[in-house]
Each structure stands twice: as structure tokens, then as C-alpha cells.
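Numbering (the working numbering), first residue to last: 95 to 464.
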Amino acid sequence: MPPCRKLSRSFSFLFFIAASCNAALPDDFLPPINNQTQVSMNQETPVGKLAQNKATWSIAIHGGAGGEPGRWNEQQIQDRLDGLKAALKKGTDMLEKSASAVDVVQAVVQVLEDNPNFNAGRGAVLNSVGEVSLDASIMDGSDLSCGAVAGVTTVRNPVGLARAVRDKTPHVFLCGEPADAFAKEMELPLESPAYFKTPEQIKSWEAWKQKQAAAGGKTSKNDHAKGEDRLFYLGTVGCVVRDQQGNLAAATSTGGLLGKKYGRVGDSPIIGAGTYAKNETCAVSCTGVGELYIKHHIASAVSSRMEYLNESLNASTKFAIHTTLPVDSGGLIAVDANGNIELQFNTPMMARGQAKSDGTFQVGLQDWAK
Ligand code: GLY
């Protein structure tokens, strides 16, 4: 048989094997995006260069968008900047040692959850009945595996519980008391309500309550969606990473909005709204008025614009924050397959930080801190 016929037979055989394997794949199998898509998707660095950039890494964090650093005294501002630095340092130390993106986003968000100066874990805002109700999610861009929890009240690190949902169950999302029971089953650290409710948050809740009483106890439908109040209520924490292996991950955790109706769930635990990661495009973590982020599925919209419209990370994040969303609704952090970082917000400030293997290490509330 001529060599070309032999070759063609071999290819047919390989094709048959590949087709048979494909038939055995589970229904939710998603084929990877091919390299051609990756090349056109990111015009800043052609994908061919990724192999040379293997040892590079990038990380971004946020500690919530909002509008009132003016209501914090110098010490409170410093505490927030120190908290951001400590979280970013945790991430950079892990990334330098080749930790995986999903491990890093979890560890970094846990540092922020443990810090009472941020609205997540300890120090979370209180809901309409004066209780904490915590939401979190995590996503691994290498295989789209993810986990989320909503309305939990006892687990010290909600993002750790979200990770357990991803790792130990066939599911994506657990909520309420059963999710707390799962935390106990997983032997994750649990805390009493007194651990979460800080004096500062009790004070904020009392002020909110008084305002409510002055308004006749009525909550306007738009209290959290309009006007200067919106800036007062915001806050969440999140982290996005591109690790040395080129994998992306994102995680987000929050106490939600001050005075939120009991039972209310925001965007943070909703994959595609507050959190998204896909190796071929980007990893995104959002902060802001959750209802708006859910309506516009902001996190996955950023990824989809890159994938379907060949937009850069810069263009797609700008579109989400400055075109899709109204002014003063929040912000997001994002990293792409080539390690480019975007920190976009349409509020007067967003607590944030970024670091890269090139030596970049910055944190800030409005401008970058000196
Ligand atoms: N973005 C946080 C929340 O709305 O709950």
C-alpha cells in the first residue's frame, strides 16, 4: 500500500477511537476552546508566547467597592490597607512556590474573611433582623469545576465551605441550614454569632435601623439600587489568579448588603454573576449591588465577550462596568490567560490590590497607596 494510503488509514483509525471516546463522555462535558480561538481572543499577547511565560503569575484582590472612605478615620483606612497587603502577600508567597490558582484564591479570600475590616466572614454586615448571612463561591478555570454556598451562618470561612462543595459533592450550590450542616460534617471550623458580629457592624446596623424607623419602617424597592445609599451598603471580598501553570481561578465571599431582607442572596455565590473562571478567557470576581450583577450576569458576560467577540480583557471589563452597569453600582477584578489584570469600578473607590511575578505589588482604596 502506498505510504499516503497507510497514513490516511491510520488517521481514520485515530478518528474512530476519538469519536468512540467522545460518545462515552458525560452530558456536561465541555470541549476546550481550540488554540485558534485563543489566538484571536487575546490580541495583547499571542497565545504562542504562553509557553515562554509559563513561570509568570498574576493575582488581584478586592475588599469591596463603595463610596465613603471619608467616613473612615486614618486608623481605619490604614487597617484596610494593611488587610489588603496581608491578603496579597499570602497569595504572592503561595504563587512563588507554584501553588495552584484554586488553592491561592481560597487561601487569600480566607485571610480577608478572617479580617473584621471587610464585609465577609468576621465583620460581615447584618441583615434586616440583625443577623449575619454569608455567601461565597469558588471556580477553577482549568475544568470549570466550582462550588458555592448561600445564607450560611456558622462556618468561619464560607469560601472553604464552597471549596468543599466543589471537592466533596457532585453539586455546585448548597444553601441555608443544610449547608451549615455540611460544614459540620466536613469538620470545618464553626463559630457562634458573636464571632461574626463586630461592634462596628452592630453600630452600622443600629444606624440603619434608626433610618428605617424614621422612614416609617418601610424599605423602598430601590433602596439598594439607587442613590447615595447604594454607596454606603457595598462591600465584598474576592480574588482572581493566573498561576505558574497558566491556570485561572476566582473566588468571592460576602455578608451581602447591610439591612438586606432575611433570605436574600446576592451575586457573590452565583457562578456567572459574581464569580467566573475559564482558562481560555479570564477569571472574574465582582463587588457591588448584587441584584444588578445577577440581572446582567456580569462575571460570565466578561468571559463571553472575550470568547465570542474576541475582545481583550480591558475592553470586556470596561464594557461590563461602564456601559452595562449604572454609575455607583460597583466594580470587578479580572485576570486573563496571559496574566493581564483589570480592576474596574464605577464607584468613587474600590479596596483593591494587584501583584505580578514581575515585582508589581500595589494596594489602594481610591488611588494606589504610597
Ligand atoms: N455583591 C454582594 C451582594 O450584593 O451581596
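Cβ atoms here follow ideal geometry from the backbone N, Cα and C, with glycine treated the same way.
Less than 8 Å between the beta carbons of residue i and residue j, yes or no?
i       : j       : result
Val-468 : Ser-410 : Missing from the structure shown is residue 468; the chain here goes from 95 to 464 and no further.
Thr-381 : Gly-349 : no
Ala-393 : Val-383 : no
Ala-343 : Val-196 : yes
Phe-212 : Gly-329 : yes
Thr-292 : Gly-215 : no
Gly-235 : Ala-371 : yes
Glu-436 : Asn-408 : yes
Asp-422 : Gly-161 : yes
Gln-170 : Leu-220 : no
Ala-431 : Glu-385 : no
Near residue i, which residues of its chain fall below 6 Å by C-beta distance, leaving aside the five closest residues on each side in sequence?
i       : result
Cys-333 : Ile-155, Val-199, Val-202, Val-203 and Ala-345
Thr-186 : Ala-449
Ala-181 : Ile-155, Val-202, Val-205 and Leu-206
Phe-267 : Ala-242
Thr-369 : Ser-231, Met-233, Ala-344, Thr-346, Ser-379 and Ala-393
Met-280 : Ala-258
Got a sec? Which residues, its chain only, sit under 7 Å from residue i by beta carbon, not counting five neighbours each side?
i       : result
Ala-445 : His-156, Gly-157, Gly-158, Arg-174, Leu-178 and Leu-459
Asp-274 : Val-246, Thr-247, Thr-248 and Val-249
His-390 : Thr-418 and Leu-419
Pro-210 : Arg-216, Gly-217 and Thr-292
Ile-388 : Asp-361, Ile-364 and Ala-367
Val-253 : Gln-200, Val-203, Gln-204, Glu-207, Ala-230, Ile-232, Ala-345 and Ser-347
Lys-412 : Gln-438
Could you check the C-alpha separation between residue i and residue j for me, to the nearest Å?
i       : j       : result
Pro-420 : Thr-441 : 10 Å
His-416 : Ile-427 : 14 Å
Lys-303 : Phe-439 : 28 Å
Ser-298 : Ser-194 : 38 Å
Arg-260 : Cys-376 : 19 Å
Pro-80  : Ala-256 : Look at the range of the chain in this structure, 95 to 464, and you will see that residue 80 is not part of it.
Val-331 : Glu-207 : 8 Å
Phe-290 : Leu-351 : 15 Å
Gly-340 : Ser-347 : 24 Å
Trp-151 : Pro-283 : 30 Å
Arg-399 : Ala-309 : 42 Å
His-318 : Ala-242 : Per-residue confidence for His-318 stands at a pLDDT of 49, beneath the threshold of 50, marking its modelled position as unreliable; no derived number is given.
Ala-149 : Asp-337 : 8 Å
Ala-307 : Gly-224 : 14 Å
Ser-286 : Ser-406 : 45 Å
Trp-462 : Glu-401 : 31 Å
Glu-168 : Ser-239 : 41 Å
Ser-451 : Ala-414 : 27 Å
Val-226 : Asn-251 : 13 Å
Asn-434 : Gln-456 : 15 Å
Ala-262 : Lys-305 : The sequence shown places Lys at residue 262, not Ala. One C-alpha to the other measures close to 44 Å.
So with Cβ pairs under 8 Å, would you call residue i a contact of chain C?
i       : result
Asn-167 : Absent here is chain C; the protein component of the structure consists of one chain.
Near residue i, what residues of its chain come up, given a Cβ to Cβ distance below 8 Å and the 5 sequence neighbours on each side ignored?
i       : result
Tyr-356 : Asn-221, Ser-222, Val-223, Glu-225 and Ser-227
Can you find at least 3 beta carbon pairs, one from the region 225-233 and one from the region 359-367, that sit closer than 8 Å?
With a cut-off of 8 Å, the region 359-367 and the region 225-233 count as touching, because enough Cβ pairs lie within range.
Please specify which runs of the alpha helix (DSSP H), each continuous and at least 4 residues long, are wholly inside the region 339-400, giving them in chain order.
Within the region 339-400, the runs of alpha helix (DSSP H) at least 4 residues long that lie entirely inside it are, in chain order, 384-389.
Within the region 213-278, note down every full beta strand (DSSP E) run reaching 3 residues or more, in order along the chain.
Within the region 213-278, the complete beta strand (DSSP E) segments of 3 residues or longer fall at 228-234, 239-246 and 267-269, listed in chain order.
Ignoring anything shorter than 3 residues or poking outside the region 162-215, list the beta strand (DSSP E) runs there in chain order.
Every candidate beta strand (DSSP E) stretch fails here, since none sits fully inside the region 162-215 while reaching 3 residues.
Which runs of the beta strand (DSSP E) spanning at least 3 residues fall entirely within the region 425-462, listed in chain order?
List check, beta strand (DSSP E) in window: 435-439, 443-450 and 455-458.
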